[in-house]
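Counting with our numbering, you get residues 7 to 151 for the letters of the sequence shown. We treat Cβ as the ideally placed atom computed from N, Cα and C, and that holds for glycine.
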Amino acid sequence: MTKLKVAFLIVLGFLVTGCEQKSKSTPPEEGYITGNITILADESLEPIVAEEEYVFESLFPDAKLNIRFLSENALLNSFLNDSIRVAIVSRKLTPAENKILVDRKLPPIVSRFAVDAVALIVNKASADTLITVSEIKKMLKDCRC
Numbered sequence: 007m008t009k010l011k012v013a014f015l016i017v018l019g020f021l022v023t024g025c026e027q028k029s030k031s032t033p034p035e036e037g038y039i040t041g042n043i044t045i046l047a048d049e050s051l052e053p054i055v056a057e058e059e060y061v062f063e064s065l066f067p068d069a070k071l072n073i074r075f076l077s078e079n080a081l082l083n084s085f086l087n088d089s090i091r092v093a094i095v096s097r098k099l100t101p102a103e104n105k106i107l108v109d110r111k112l113p114p115i116v117s118r119f120a121v122d123a124v125a126l127i128v129n130k131a132s133a134d135t136l137i138t139v140s141e142i143k144k145m146l147k148d149c150r151c
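Structure, rendered in structure tokens:
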């Protein structure tokens, strides 16, 4: 009978400890790869930035990027009026814009991306499907742009 009581107590102990309630998950801390951030981006860069957002959030599931695409003027007004902390623009800041940020002790950190590319737009009816780098160089040298 005592063996039965001991076995019953052991099983009861497993049941009690196994029925522990899960603790509430705490939101992730804010960091480079966790948390939420709102970013303003130039609407002309939407295809590139949207793809970058997808890749970043796939690699870091605890991070959520809220990207809003605006015109350059609206974007810079929000950024310089301190309503947003991160902006993706298609040009360098002017010395006056840079000074506003430096005066607030928030010097901008500039990272260039998507700067080396040549896009060739070809008619669907074109039979040529192969072009060499030397042909592109020749076209660019001969360009009277």
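Check: Just to confirm my understanding: we take glutamate 63, look at its own chain, exclude 5 residues before and 5 after, and list those with CB closer than 8 Å. What are they?; Outcome: Ala69, Lys70, Leu71
Check: Here's a check: name, in chain order, each residue in its chain whose Cβ is nearer than 6 Å to the Cβ of phenylalanine 75, leaving out the five neighbours to either side.; Outcome: Ala47, Glu49, Glu52
Check: Per DSSP, what kind of secondary structure is threonine 8 in: helix, strand or coil?; Outcome: helix
Check: Which of the three DSSP states, helix, strand or coil, is assigned to aspartate 134?; Outcome: coil
Check: Could you have a look at lysine 143 and say whether DSSP puts it in helix, strand or coil?; Outcome: helix
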